[in-house]
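Student: What follows is a single structure, and I will ask about it in a moment.
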Amino acid sequence: MNGLFQQDVNQETFILNLGPQHPATHGVLRVKLEMDGEYIVDAEPVLGYIHRMHEKMGENRTWAQFLPNCGRMDYLSALSYNHGYVAAVERAAGIEVPERAEYLRVITVELNRISSHLLWFGAFVLDLGGFTPLLYAFDDREQILDLLESVTGSRLTYCYFRFGGVYNDIDDSFITGTREFIKRLRKRMPMYDALVTKNIILIKRLKDIGPISKDMARRYGATGPVARGSGIDFDVRKHEPYSVYSEFDFDIPVYEEGDSMARYMVRMDEIEQSMRIIEQALDKLPEGEIQPKKAVKLVKPEKGDYYHAVEAARGSFGVRIVSDGTNSAYRLKLRSPTYSNLSLFGEASRGMLLPDALALMGSLDLVIPEIDR
Amino acid sequence: MSIPAFGDSLIIYLIIAALLFGIGFYGLVHRRTFIGMLIAGELILAGASINFMAFNRFLAPDPTVGQVFTLFIMGIAAAEAAIALSIIIAVYRNFRSIDADDVAELKG
Amino acid sequence: MLLAKIKEALNSLYEDIQEVPEAPAAAEAEVAAAETAPETETAPAPEAQAEEGEPAAGEGEAETEEAEEPAAPPGLKETDYKAKGYHLDVDLPPEKVVAAAEILNRENFFIEAITGVDWIDDQQLEVVYDFNHFDELCRVVIRSRLDRSNPEIPTISHIYQGANWHERETHDFFGITFTGHPNLEPLLLPEDADFHPLLKDFKA
Amino acid sequence: MSGYFKELISGTKSLFIGLGITGKYFFEPVVTMQYPMEHVEMTPRFRGHIELIPDEETGEPKCVVCGMCQKGCPSKCISLEGEKREGVKGKVLTKYILNFTTCSLCGQCVESCKFGAIRFSKDYNLAGPRKEDFIFDLIKRLKEKS
Amino acid sequence: MVPLFSAEGLSSLVFIFIVITTVLGAVIATHSERLIRAVTGLAICFIGVAGLYYYLNSPFLALMEMLIYVGAVCVTIVFAVMLADPNPKSEVGKGSIFTGPLSFSLGILLFWGLSALAGKTAWIPSSGTINDGSLEEVGRSLLTNYSMAFELISLVLLLAIIGALVLARRGRTQTGGES
Amino acid sequence: MGTQDVQPPIIHFASLDKILSLGRANSLWPMTFGLACCAIEMMATGASRFDLARFGAEVFRPSPRQCDVMIVAGTISKKMEPAVKTLYDQMPEPKWVIAMGNCAISGGPFVFEGQYGIVEGADKFLPVDIYIPGCPPRPEALIEGILELEEKVTGFRRWPRVEAK
Amino acid sequence: MPEPFRVILFIIFVMAFAGLNAAYLVWCERKGAGHIQRRIGPKEVGPFGLLQPIADGIKLMTKQLFLPKGADPLLFMAAPLMVMVPAIMSFMVIPFSETFVAREVNIGLLMIFAFASVNVLGLLLGGWGSGNKYAVIAAARCVSQNIAYEIPMLVTTITMVMVTNTMNLNEIVRAQAGWFFHWHIFRLDISLLMPVAFLIFFVCSLAETNRAPFDMAEAESELIAGAYTEYPGMGFGVFFMGEYANIVIGCALSVILFLGGWQSPIPFHPVGFLGVIWGLFWFLTKLYALIFTVIWIRWTYPRTQFYELLNLSWKVLIPISLFNLILTALQIKIFPWL
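Okay, here's the thing in structure tokens:
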């Protein structure tokens, strides 16, 4: 009512609480906005509304028992997270992985990355007010989910990788299905392009909105498409090749502009690159075992600390393991990319309009449970 | 059952106009803030317009005169509202108040 | 290339540490403060030091080592990337962390994470900083041990703004105070939380 | 000025192209699978809650009550009991309770079972007004099924 | 007097309703504690006045009243209330001598005087009219007899727009944000 | 007062009640309110493949004032609990709650001894009407949950039951 | 039939039409959105989901009504009515067919605009009265948008009034009699920019009715539910009905001004009762085609950014509509025989 806007008579600003339940925050992020009219004077994200104690659980559970947690951290690219954790433990315990298993990992992770980017694409356009692209993207995403479900048994929170390999092998129907899906998505991408990317309304909403400079991305430790949209040529898959990524020929899309449009374009291009990786992996897929010959039964890494990073759909996901030689972690630190990416929101959104700030927030591709862990 | 044809007598319109004028005047004196005064002022103008229209309908040989005048009053009122409100906002920015007395005290 | 360069730069941080003679103190305090640098050379687990020629055996030994080999100060160690996942392991006293962050900032490193480890057996808390570089793979780990009863370390959030949240999170989980931090309120825990769940002696 | 008109025209064109695409899809067949009337079969690897595998001859569960599933479960949702019985080798399962409401479907139990006594069911559409309905007595379920 | 259940009677009833609306709106406008309600009252009052104009054989002006007063003036005032109403503290009544009973009696006095004047005067209806006062005639006279005033009004409006912009924009930049 | 017998109402509004409950059951507007993983499956349920719209339940309203059913899809943390409670209180009667996923039912996989962050189940502070177990449940299960809720509101089931094989 | 009773009958008809129309437009919208998105849309409630709006109506009407904390009771209650009533009043002057019109007012066009301006105040007061910051922001946006788009809309309308010399909607339709190329949208001889003028008018009516891509008042992803955030049950329902009634009016105006109203595309018009039906058929066909376009647009585009929206009005629509005004005046003067 009267005085609604005036917390302090001497200030023309007022406080707006975005969330924790707000359609644009994709979950339960809360952003405290100090607004002057529709301009944002200051923004402070408030986290922790879905803090699920993953790091504490890492200390309480055995190495293998922690596996399902990975999929629930970032449920959109669960396999990347599985991969990061499994690879870190493998590094710590010195477990060798058969080549076929590595290929399967790459194929499923990249499929998962595409599905994550597709969902982001839809949700981002939904943030901007367009509803239909979301459903088209979901339509394509369902195909991936079908493929992955036929391999892993679940639709979203996969628990597919095991120390030293993967849980079960793929069959021919998966391979043909994947090839067909890639063909189908290749046909759909120009449609997305014409419907959304070239749309003048979208261009007007994204061009020059929410610029993030190279230096800012560095100071905040932004990685993934956010960094690549700011002209930083950084991708863990190329930078410190893990698994079998060094054997594939793919490009890292980099855009110099640093605005929301650049981040959008990076992700759209990444879908194409992921498809290239999958095609090559399917072509090169070696025969062989999917688990090490001597089955890994009890994992006991040596004392010490280990770090392993993978490129998740949102950036560099790092796992720091501090082991004391028992069958559970002494300390498990999960470095989630969105945590760093979101931390620059406060600075980047200063002086912006509310809808632009939401476009910026959408372009950061938030998955809140991964931030809060 | 029957009812007087109220809409057809000049005096009723004049009384309504006087009532609006009186209420407007009362408000003008009574209100503390500029916006309240502006609202009361608009009421006074409305009372005047009704008078014009009523005379135009019942008395004037040229029935367009009153309408034209009322149109002009509307134009003036719109302009007046715009100017007054921007002044109010400017005053508010400077004094953090739209209370007429506060502004008077804070002078200088 | 970059690794050598940054190693050189970080080396300079140890110069004045060597000048200051290690103050003999009570046995407990030695564990807490004086030995911080030499003791956690390789890995946080004290037992793991066996591989590295037992520098923790005595203060005198550590001192002589420093005197003999000024090029390789204690606490600064190149690690095997394949096995560990990082290149440079730098152990610093808390007051040196800011200087190290400045050096890394100059070389355009970006911050990956800050976290803590609770070494309850040693009555110490460790703060671990991960830095990485965008152009060339070079992950630098900076670690610093603090006294568990009064864990304080200067903030680096004025150099790396991204450290702001990481430090708040570490404060949430371990109760480590980052002096000079602009806003050290609970981030992930509820606003009124007064517990630090990742401490080993935490009970819900 | 020419940029103004160029943007105007290209912008309008892009809007009409967008309309064309959604218009085209308007006339394409729907992809909806109408659930209660039609439903798909789950893939062989689909992970529902776990169920006991009956012995083909006797119909009794194959479980030997080793407790590996219970131990492997990260969220402690399995509790089982067995007893020694005359004339039978090993233990006989008497109670196998799965608290499905805390399960995360990770599959640790199925993996850790060396006797092939449990598998994932195909129950994909569970819902109900009572929480207790989802704490399954798997032996009872097995009896009902057969 | 006209029968109640005829077109004239019904219109007379509606007229009473309109008068009540007008006066009620005016009372709300001057007497409510909150400014926002006062504006609502003003809008209601103007809707009533528009009805009166309709009864005065000028639907055109009735609609203009709606368009300008309700659609423009009231909306502007609501905006001003939003921008510059810091405290919902009591709006009316305070220490000055003009408030309360005195202003009320002044208003009553004015009303009484004016209506007495209206009642006492012998109004002489005109014998014949020059035109029928229709919309066309209004337009014609606007562009012939009163064209000067018409132009002046447009000038006044233009100046008002510019003046309002100049006044309202000043001091805005220091809070930042405005581009 | 107290223990007197309650007279049965003279006029029965049974048929009216039936119509009302039919109307309500067929127009369950959920809230756009996702907490975690299950929210994605909730979105998938609204999407083309499963299409919640067939039952008139696709109108995801972002404001609690216009919602009829709150689908608690995900883990409720202790920090979030007051907010969820507020949202529930803001919904006008009649209102229903669906606990979707194991986290909302009982805390799911995040329950362990010494946990400090989550509420073990939405029914700890909300009157939950329908439980949908799974981690996350398939979209079919959510549709089934909506149908179960309709059954609960109207008292009979309009749709065939699907037995999983 | 005596005039007052005819009017009262028509008011009842109009109210029923507005209510049903709103309900079934929602159905159309949901169904249309469904098929655009390759899904079915409402289906199970009645045949083809046709009972869906009724179920929604029953539910909304029996929802608990309450006053949110911090809301102003008077404003909160009055606002939905201020949106709904003027919208329904505007139906009075719309000629559904040549004789199928409540009142042929000679300033019908002005009347619609006058009532539309009350609608704005209703939204503003509703948003402000809710005592919710999102609602206030939405209301403020909505008003500045309405003011900005009223200008090009009025300028285009004035152009059409200049062409037809009347503000009587029925007269405007009569001026477009004959073949379909006599409709104003095809009259390039009056103004070369006539199709553009139609586009401007249509875009403006989208903006005036707060429809996507200009749905600032209900910007779901930004402002929760905009000005309606705090409205439960029927308060929301009334707003919704008002909104859909406004869409019908906006589209009806476009049809009347540019697409020949109730005129059929061929110069054939039966007399008497059949003529009423014939006109009604063509009017409703055109009207619903246009409404379908509105729905189609909503499910295709993202929302515009607020300042871009104002830019579009001030930098594109207003200059072009003014240019069109001048061009029309010139063309009428140069080719006076047309």
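Protein chains in written order, with numbering that gives the first Met the number 0: chain A, 0 to 372; chain B, 0 to 107; chain C, 0 to 203; chain D, 0 to 145; chain E, 0 to 178; chain F, 0 to 164; chain G, 0 to 337. A virtual CB, placed ideally from N, CA and C, is assigned to each residue, including glycine.
1. Go ahead and label D:Val39 buried or exposed: buried means 16 or more other beta carbons lie within 10 angstroms of its beta carbon, across all protein chains shown.
2. Going straight from the alpha carbon of E:Leu113 to that of B:Pro3, what length do you get?
3. Under 8 Å between C-beta atoms, does B:Ile43 make it to chain E?
4. Do C:Ile158 and C:Gly115 have their C-beta atoms closer together than 8 Å?
5. Would you kindly work out how many angstroms separate the C-alpha atoms of G:Gly177 and G:Phe238, rounded to a whole number?
6. For A:Ile370, count neighbouring C-beta atoms within 10 Å of its own C-beta (all shown protein chains included) and say buried if the count is 16 or more, exposed if not.
7. So what's A:Met351 in DSSP terms, helix, strand or just coil?
8. Whose C-alpha, out of A:Ala311, A:Leu297, A:Gly287, is nearest the C-alpha of A:Ser273?
9. What residue from E:Ser11, E:Ser102, E:Asn144 has the CA that sits closest to E:Tyr182's CA?
10. Excluding the 5 residues preceding and the 5 following C:Ala32 in the sequence, name in chain order all residues of the same chain whose CB lies nearer than 6 Å to its CB.
11. Leaving out five residues on either side along the sequence, give the residues of the same chain with a beta carbon under 8 Å from the beta carbon of F:Gly154.
12. Counting only the same chain and skipping the five closest in sequence on each side, list residues whose C-beta sits under 8 Å from that of C:Ala49.
13. Here's the rule: buried if 16 or more other CB atoms are within 10 angstroms of the residue's CB, otherwise exposed. What is G:Asn164?
14. Which residues does DSSP pair with C:Pro153 in a beta bridge?
15. Going by the CB atoms, is the gap between A:Ala63 and A:Thr373 shorter than 8 Å?
16. Residues in the region 287-308 of chain G with C-beta within 9 Å of chain A's C-beta atoms, listed in sequence order?
17. Can you tell me where the beta strand (DSSP E) holding C:Gln123 begins and where it ends?
18. Among A:Ser322, A:Pro67, A:Ser115, A:Pro44, which residue has its Cα nearest to the Cα of A:Asp75?
19. How about the region 12-26 of chain A and the region 314-322 of chain A: do they share at least three Cβ pairs that are nearer than 8 Å?
20. Relative to chain A, which residues along the region 198-218 of chain G have a C-beta separation below 8 Å, given in chain order?
21. Within 10 angstroms of its Cβ, does F:Gly22 collect 16 or more other Cβ (buried), or is it exposed?
22. Does C:Ser156 come within less than 8 Å of chain A when only Cβ atoms are used?
23. Ignoring anything shorter than 3 residues, give me the beta strand (DSSP E) runs that lie fully in the region 9-81 of chain F, in order along the chain.
24. Can you list, in chain order, the residues of its chain whose CB lies under 6 Å from that of B:Ala83, leaving out five sequence neighbours each side?
25. Who are the neighbours of G:Arg37 on chain D, taking C-beta pairs under 8 Å?
26. When Cβ atoms are compared, which residues of the region 97-122 of chain D fall closer than 8 Å to chain J?
27. Thinking just about the alpha-carbon of each residue, which of G:Ile136, G:Tyr243, G:Phe95, G:Ile150 is nearest to the one in E:Ala179?
28. What residues in its chain sit with their C-beta under 7 Å from that of A:Ile277, if we drop five residues either side in the sequence?
29. Using a Cβ-Cβ distance cut-off of 8 Å, determine whether G:Trp136 contacts chain A.
30. Bridge partners for D:Asn98 per DSSP, in chain order?
31. With H, G and I counted as helix, E and B as strand and the rest as coil, what does DSSP make of E:Glu186?
32. Going by C-alpha distance, which of G:Phe235, G:Leu124, G:Gln262 is nearest G:Pro94?
33. So, for C:Pro45: in the same chain, excluding its five sequence neighbours on each side, which residues have a beta-carbon less than 6 Å away from its beta-carbon?
34. With which residues is A:Thr61 paired in a DSSP beta bridge?
35. From G:Leu80 to G:Ser129, what does the alpha carbon distance come to, in whole angstroms?
36. Does the beta carbon of A:Leu3 sit closer than 8 Å to a beta carbon anywhere in chain F?
Tutor: Reading it off the structure:
1. Position 40 of the fourth sequence, counted from the first residue, corresponds to residue 39 of chain D. D:Val39 should be labelled exposed.
2. The residue given as residue 113 of chain E occupies position 114 in the fifth sequence. The residue given as residue 3 of chain B occupies position 4 in the second sequence. Taking the straight line from one Cα to the other gives about 23 Å.
3. In the second sequence, residue 43 of chain B corresponds to position 44, counting from 1. Judged by the 8 Å Cβ criterion, B:Ile43 is not in contact with chain E.
4. Working through the third sequence from its first residue, we reach residue 158 of chain C at position 159. Working through the third sequence from its first residue, we reach residue 115 of chain C at position 116. Contact: no.
5. Translated into positions along the seventh sequence, residue 177 of chain G becomes position 178. Translated into positions along the seventh sequence, residue 238 of chain G becomes position 239. Computed Cα separation, rounded: 39 Å.
6. Taking the first sequence and counting its residues from 1, the one referred to as residue 370 of chain A is at position 371. Buried: at least 16 other Cβ atoms inside 10 Å.
7. Position 352 of the first sequence holds residue 351 of chain A. It is coil, neither helix nor strand.
8. Start at 1 with the first residue of the first sequence, and residue 273 of chain A comes out as number 274. The option with the nearest alpha carbon to A:Ser273 is A:Ala311.
9. Not covered by the structure: residue 182 of chain E. The range shown for chain E is 0 to 178.
10. To locate residue 32 of chain C, count along the third sequence from 1; it is residue 33. Its pLDDT being 43, under 50, C:Ala32 is placed unreliably in this model, and the coordinates cannot settle the point.
11. On the sixth sequence, residue 154 of chain F is found 155 positions in, with the first residue counted as 1. Ser20, listed in sequence order.
12. As a position in the third sequence, residue 49 of chain C is number 50, starting the count at 1. Unreliable placement is indicated for C:Ala49, whose pLDDT of 40 sits below 50; the coordinate value is still reported in the next sentence. The beta carbon of C:Ala49 sits closer than 8 Å to no other beta carbon from its chain once the five residues preceding and following it are set aside.
13. Here residue 164 of chain G corresponds to residue number 165 of the seventh sequence, with the count starting at 1. Classification for G:Asn164: exposed.
14. Along the third sequence, one-based indexing puts residue 153 of chain C at 154. Answer by DSSP bridge pairing, in chain order: C:Thr178.
15. The structure shown does not extend to residue 373 of chain A, since chain A is modelled only from 0 to 372, so the question has no answer here.
16. Flagged, chain order: Arg297, Trp298, Thr299, Tyr300, Pro301, Arg302, Thr303, Gln304, Phe305, Tyr306, Glu307.
17. One-based indexing of the third sequence puts residue 123 of chain C at position 124. 123-132 is the span of the beta strand (DSSP E), which, as asked, contains C:Gln123.
18. Reading the first sequence from its first residue, position 76 is the one you call residue 75 of chain A. Checking the displayed sequence, the identity of residue 75 of chain A turns out to be Leu instead of Asp. Cα-wise, what sits closest to A:Leu75 is A:Ser115.
19. no
20. Ala211, Pro212, Asp214, Ala218
21. Residue numbering aside, residue 22 of chain F sits at position 23 when the sixth sequence is read from its first letter. It counts as buried.
22. In the third sequence, residue 156 of chain C corresponds to position 157, counting from 1. False, the Cβ-Cβ gap to chain A never drops below 8 Å.
23. List check, beta strand (DSSP E) in window: 68-72.
24. Taking the first residue of the second sequence as position 1, residue 83 of chain B is located at position 84. Once the five neighbours on either side are set aside, the close Cβ partners of B:Ala83 are Leu37.
25. Numbered from 1 along the seventh sequence, position 38 holds the residue referred to as residue 37 of chain G. Simply Tyr24, Glu27, Pro28, Val29, Val30, Thr31.
26. Reference to chain J is not applicable here, since the protein chains of this structure are A, B, C, D, E, F and G.
27. Outside the shown range of chain E (0 to 178) lies residue 179 of chain E, about which nothing can therefore be said.
28. Against the first sequence, residue 277 of chain A aligns to sequence position 278. Cβ within range, chain order: Ile106, Glu109, Leu110, Thr177, Ile181.
29. Position 137 of the seventh sequence, counted from the first residue, corresponds to residue 136 of chain G. In the sequence on display, residue 136 of chain G carries Ile and not Trp. With a threshold of 8 Å between beta carbons, G:Ile136 makes contact with chain A.
30. Residue mapping note: residue 98 of chain D aligns to position 99 of the fourth sequence, counting from 1. In DSSP, D:Asn98 forms a bridge with D:Ile134.
31. In this structure chain E extends from 0 to 178, so residue 186 of chain E is not present and cannot be described.
32. The sequence position of residue 94 of chain G within the seventh sequence is 95, counting from 1. Nearest option by C-alpha distance: G:Gln262.
33. If you number the third sequence from 1, residue 45 of chain C lands on position 46. Reliability fails at C:Pro45, whose pLDDT of 43 lies under 50, so the model's placement of it is uncertain and no value is given.
34. Locating residue 61 of chain A in the first sequence gives position 62, where the first residue counts as 1. DSSP lists A:Ser327 as the beta-bridge partner residues of A:Thr61.
35. Numbered from 1 along the seventh sequence, position 81 holds the residue referred to as residue 80 of chain G. Numbered from 1 along the seventh sequence, position 130 holds the residue referred to as residue 129 of chain G. Taking the CA atoms as reference points, G:Leu80 sits about 15 Å from G:Ser129.
36. Along the first sequence, one-based indexing puts residue 3 of chain A at 4. Because the pLDDT of A:Leu3 is 42, which lies under 50, any placement of that residue in the model is unreliable, and the number read from its coordinates should be weighed accordingly. Cβ-Cβ to chain F under 8 Å: no for A:Leu3.
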